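**Q**
Residue numbers (our numbering): -7 to 56.
In structure tokens:
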């Protein structure tokens, strides 16, 4: 990342979103795995430049 598309700042940070905002599989049920979201955001204006799942391997189908 070189600069924020909203304010042109070059200062970024990462934050983690947990709890009720966790990502679950599309066919969610009570015991489905979940993962936190990581957000990369501008320290000047707060614009979120990217978001990604912290543990994507939790969503892979289990091998039989």
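From the three backbone atoms N, C-alpha and C, an ideal C-beta is built for every residue, glycine too.
The structure presented is a predicted model; accordingly, all values stated were derived computationally and were not measured.
Could you have a look at residue 4 and say whether DSSP puts it in helix, strand or coil?
**A** Three-state result, residue 4: strand.
**Q** Give me the Cβ distance between residue 36 and residue -5, rounded to the nearest whole Å; I'm assuming they're in contact under 8 angstroms.
**A** The Cβ separation is near 10 angstroms, so there is no contact.
**Q** Mapping the DSSP letters down to three states, classify residue 51 as helix, strand or coil.
**A** Of the three classes helix, strand and coil, the one that applies to residue 51 here is helix, per DSSP.
**Q** With distances taken from CA atoms, which of 15, 40, 1 is nearest residue 57?
**A** With the chain covering -7 to 56 only, the question about residue 57 has no answer from this structure.
**Q** Where does the unbroken beta strand (DSSP E) through residue 34 begin, and where does it stop?
**A** 29 to 34 is the span of the beta strand (DSSP E), which, as asked, contains residue 34.
**Q** Can you have a look at residue -1 and say buried or exposed, based on whether 16 or more other CB atoms are within 10 angstroms of its CB?
**A** The residue in question, residue -1, is exposed, as its Cβ has fewer than 16 Cβ neighbours within 10 Å.
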